[in-house]
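For reference, the structure discussed in these notes is given below.
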Amino acid sequence: MTMPSDPSYPAHWEADVVLRDGGTARIRPITTEDAGRLVSFYEQVSDESKYYRFFAPYPRLSDRDVHRFTHHDHVDRVGLAATIGGEFIGTVRFDRIGPDGRPASAPADEAEVAFLVQDAHQGRGVASALLEHIGAVARERGIRRFAAEVLPANTKMIKVFTDVGYQQKRSFEDGSVHLTLDLEPTAESLAVQRAREQRAEARSVQRLLAPGSVAVIGVSRSGSGVGSAALRNLRDGGFHGHLYAVNEARAPGMEGDLLDGVRAYRTLADIASPVDLAVIAVPADRVPDAVAACGEHGVQGLVVLSAGYGESGPAGLERQRRLVRQVRSYGMRLIGPNAFGVINTAPDVELNASLAPVPTTARGRIGLFTQSGAIGIALLSGLLRRGEGLSSFVSAGNRADVSGNDILQYWYDDEATDVALMYLETLGNPRKFTRLARRTGAVKPVVVARGGRHTPAGHVVPGTRLPEATVSELLRQAGVIRVDTVTQLVDVGLLLAGQPLPAGPRVAILGNSESLGVLTYDACLTEGLRPLPPLDLTTAASPADFRAALSAALASPDCDAVVVTAIPWVGERALADDLAEALRQAVAEVPGKPVAVVHVELAALVEALSAVGAPAPARPAPSPAPTPQAPEPASPEPEPPTDRAPAGRIPAYPAAERAVKALAEAVRYGAWRRATAEAGQVPEYEDIDEAGAAAGLAALLAGVEEGAVLTLDDADARELLARYGIRVRATLPAPSPDAAVRAARVLGYPVALKTTAPHLRHRADLGGVRLDLATEADLRRSYEELTEALGTPAELLPVVQAMVPRGVDTVVRAVMDPAAGAVLSFGLAGVASELLGDTAHRLVPATDRDAAALIRSIRTAPLLFGWRGSDPVDTPALEELLLRLSRLVDDHPEVTGISLEPVVVATEGLSVLSATVRIAHPPARTDLGPRTLPSY
12 MTMPSDPSYP AHWEADVVLR DGGTARIRPI TTEDAGRLVS FYEQVSDESK YYRFFAPYPR
72 LSDRDVHRFT HHDHVDRVGL AATIGGEFIG TVRFDRIGPD GRPASAPADE AEVAFLVQDA
132 HQGRGVASAL LEHIGAVARE RGIRRFAAEV LPANTKMIKV FTDVGYQQKR SFEDGSVHLT
192 LDLEPTAESL AVQRAREQRA EARSVQRLLA PGSVAVIGVS RSGSGVGSAA LRNLRDGGFH
252 GHLYAVNEAR APGMEGDLLD GVRAYRTLAD IASPVDLAVI AVPADRVPDA VAACGEHGVQ
312 GLVVLSAGYG ESGPAGLERQ RRLVRQVRSY GMRLIGPNAF GVINTAPDVE LNASLAPVPT
372 TARGRIGLFT QSGAIGIALL SGLLRRGEGL SSFVSAGNRA DVSGNDILQY WYDDEATDVA
432 LMYLETLGNP RKFTRLARRT GAVKPVVVAR GGRHTPAGHV VPGTRLPEAT VSELLRQAGV
492 IRVDTVTQLV DVGLLLAGQP LPAGPRVAIL GNSESLGVLT YDACLTEGLR PLPPLDLTTA
552 ASPADFRAAL SAALASPDCD AVVVTAIPWV GERALADDLA EALRQAVAEV PGKPVAVVHV
612 ELAALVEALS AVGAPAPARP APSPAPTPQA PEPASPEPEP PTDRAPAGRI PAYPAAERAV
672 KALAEAVRYG AWRRATAEAG QVPEYEDIDE AGAAAGLAAL LAGVEEGAVL TLDDADAREL
732 LARYGIRVRA TLPAPSPDAA VRAARVLGYP VALKTTAPHL RHRADLGGVR LDLATEADLR
792 RSYEELTEAL GTPAELLPVV QAMVPRGVDT VVRAVMDPAA GAVLSFGLAG VASELLGDTA
852 HRLVPATDRD AAALIRSIRT APLLFGWRGS DPVDTPALEE LLLRLSRLVD DHPEVTGISL
912 EPVVVATEGL SVLSATVRIA HPPARTDLGP RTLPSY
């Protein structure tokens, strides 16, 4: 008997998933307590679906059937159910079989699989989600293939199998289609899974941002409180759908009367029409009742403004976990709790379900996501004050369910959003975030400001051991424009939303102030740009002079961007309007390059420039969500990236440093997009022995407890690395002078004598390494000096190693971070590099482009390429080492850390002199497993 309280119950198979239409369901193992649910589920399935499942009329389940389908050993017989509101909407099971097709046990590695989905939920992607999860369970239990028998007329189920992306065989036998699926994940199956994930999560956000009807729960009769504020903003914002107010204090019989001009009801159940979105603004202790009422009414999503959850301490965090479980049990999604609200300015929606009164003129091309209501207010105010509007806004509060990752999935193919701005206090799942940001960044910029280095109260996320600088570098590699402040977030967003991307770093500077031009020139040099000498138009310059100079600069092939500087005239208002029009005319005459304006005390110019001179080109409406019968491509097909922004506003900045910082970020982003237009490759090496390495790791971990980390001895470390073509130079122990001499004779002179004690390892600066010992006498003398200066042989653990060709000493490392995944690092060896933090990082698996960029991105890289007349070293050999190490840690998640130090890179070839390898039982890879929502 297995049930959730049974120790044998596989609780880690439980998962919440987003379905194709944006709703959610819970997938869990079927237990003996599910007999009633199974019978009820089967009664709601049509006769046709029953026929397709059993190949014959099968009107009801017998007691024997119910027993069979609810009793599993979770090894050879497994059943999973998809549930909403605790009731089954779909089931899947597998039975392990032998070569003869009869029931079997391990080591048999094939299983027969069968599905049944309630007719009302067919077309929602339930079977596809169940197949992903049952496939992961099967792999965990040692099953490598699924076999399925499907009637030819059951085209929907055949499509589920054929679209999954697994390698498969198909035949027609005895009147049915016989399918065999290889369960080993492939590039195609992973692409299919991620494409489905993107469509489902984007659709779930779309349902929240474009509802047909909204109910605000918790509206007071007095008009005070957050519920009333949200209702007023919805009403005044011109929401195009149906709007309802729910006030439990209303007297019976007053249902449908007006409250603030909106139909008001005592309970949600009193509303006769469907409600798509509910905004909940009641005290935290009353939220569960409101959620239950929403679930029973069929509400699709919630925005919970109520506070008193994770931000308030451990008790509130537990209340938050219960809230998420309750919301998902009804198939809904949640923004919040402690949220500020959502805004969608689309002309056919005009939804303002937030606490911010936003004018109807706030429509723009920027999408904004924040985890802080206060920061959200500041960002909204800053954008609107400078003339820029929004496409959508989400302030997720504690982001217990909907996160920045979900919003990125939505913005990826949202035609109304050109620029994504995000204020994040935590990254949640950094591995997924960088993957989504890289994909989104290929078609539109993603600008991120981080709010802190630690997890704030209310945010339940996996921690990362990586330094903040490393996380920022990894984000930049994914194409994220990383800024430090919310002011920079607005500055960069304004430039990217209103101007095209620069083709390079060359900047022309012109204006009516020589001093301001020099400040701009200096700022460009600080940001790594290549400024041209500033053009001083003098203080007597007229708007026509500005127009002529700007047109000439834009037409010049010698610049990629222009910064215009301006100081006040007498009669500022009229001249400001004229100057703004002159600059717009110049940009219209010679389009294609970005222009930014630096002003000093010219508020009127800022206002004039923020006005759109010409309407932006019309853009097609967002594509409708696919119908259940629509074919699913293996991966989404975004429109080709464009470097053009809609015509209109020219961003203005009150300081040269701010304008140049924004321009520099646009330059770096444009360079990243051009560099990644052609994807790098992960090379294949014929001499890699992946199977041998896996077998060796399994043997080494056989006696290691879960959670424990094992540091391999030198012999095991060398053997593992050798299977990936990484050769570590041999060292021989030297516990005495005579042993050192014998070791040198084996290795051949000249040799090095090194200490390996932990406190002296890799510390040549402390005198623990003696090099170029060419004779026995040299070796004995060095041994004596070493032991006299630093300690006894037992304390120093000296070793002897053959000398290698001279070169540049480097350090190559790989570490498995619990949140970010495997990270590859490179730097030069030595105290100076460590002190300065001159280390570069790339996410694994690294491509050939990543490896080449990695060794060139450290500040001391010139030492590898012939600095001051020295000979360049063999960087291709170094790149190959990085790629081989990347393959090793990517292929084997058991490897938690590798340090190769030092790696001496010579003019020809390289030598790995020492290696440290740590291994452990691998953690679950959520990015490679079936689609799931974060668990609570």
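Mapping of the sequence shown onto the numbering used here: residues 12 to 947, in sequence order. Don't be surprised by glycine CBs; every beta carbon is placed ideally from N, CA and C. The model shown is predicted, which means the values in this text are computed figures rather than measured ones.
Over the uninterrupted alpha helix (DSSP H) stretch that includes residue i, give me the two end residues.
i	result
P748	748 to 758
V678	667 to 686
F172	166 to 173
P299	298 to 308
P883	First-last for P883: undefined, no H or E at that position.
V148	137 to 151
A508	497 to 509
What residues are listed by DSSP as bridge partners for residue i?
i	result
I38	A26, A93
G101	A93, V128
I492	V458
L363	The sequence given here has Asn at residue 363, not Leu. Partner(s): I354.
F157	A122, L192
D828	G832
R541	R517
D849	DSSP output for D849 lists no bridge partner at all.
I930	L721, V906
L254	V225
K765	V780, V810
V286	DSSP output for V286 lists no bridge partner at all.
R114	Just to set this straight, residue 114 is Pro in the shown sequence, not Arg. Looking at the DSSP assignment, P114 forms a beta bridge with I108.
F837	V823, A851
F557	Answer by DSSP bridge pairing: none, since F557 is not bridged.
Hey, residue i and residue j are a contact pair by Cβ (cut 8 Å); roughly how many whole angstroms apart?
i	j	result
Y320	P299	Not really, about 12 Å apart at Cβ, beyond 8 Å.
L875	Q488	Actually they do not touch by this definition, with Cβ atoms about 20 Å apart.
G415	R214	The pair is not a contact, with the Cβ atoms about 17 Å apart (cut-off 8 Å).
L894	A857	6 Å
R104	A125	6 Å
G378	T451	Not really, about 10 Å apart at Cβ, beyond 8 Å.
R792	L764	Going by Cβ atoms, the distance from R792 to L764 rounds to 10 Å, so no, they are not a contact pair.
S224	S284	7 Å
P662	A733	In fact, because the Cβ distance is near 56 Å, the residues do not count as touching under 8 Å.
R246	G272	6 Å
V28	A36	6 Å
G109	A119	5 Å
L192	Q179	5 Å
P665	H610	6 Å
Note the first and the last residue of the continuous beta strand (DSSP E) segment covering residue i.
i	result
P913	906 to 916
E184	179 to 184
P325	From DSSP, P325 is part of no beta strand (DSSP E) but of the alpha helix (DSSP H) over 325 to 340.
G375	374 to 381
P945	P945 -> no beta strand (DSSP E), and no H or E assigned at all.
R274	273 to 276
G841	Looking at the DSSP string, G841 is not in any beta strand (DSSP E), and its letter there is neither H nor E.
R344	344 to 346
Return yes when the Cβ of residue j is within less than 8 Å of the Cβ of residue i, no when it is not.
i	j	result
V286	A357	no
A280	H308	yes
P816	L797	no
D571	P511	no
V884	V819	yes
H144	I38	yes
I866	D849	no
Q382	E436	yes
V216	I354	no
G352	A241	yes
L219	I346	yes
V900	M827	yes
Taking only heavy atoms of the ligand SAH into account, decide whether any of them is closer than 7 Å to the Cβ of residue i.
i	result
L486	Annotation note on the ligand SAH: not contained in the displayed structure, which lists no ligands.
Whole beta strand (DSSP E) runs in the region 779 to 808 with 3 or more residues, listed along the chain?
-> 780 to 784
Output the residue ranges of the alpha helix (DSSP H) runs that lie fully inside the region 596 to 625 and measure 4 residues or longer, sorted by chain position.
-> 614 to 621
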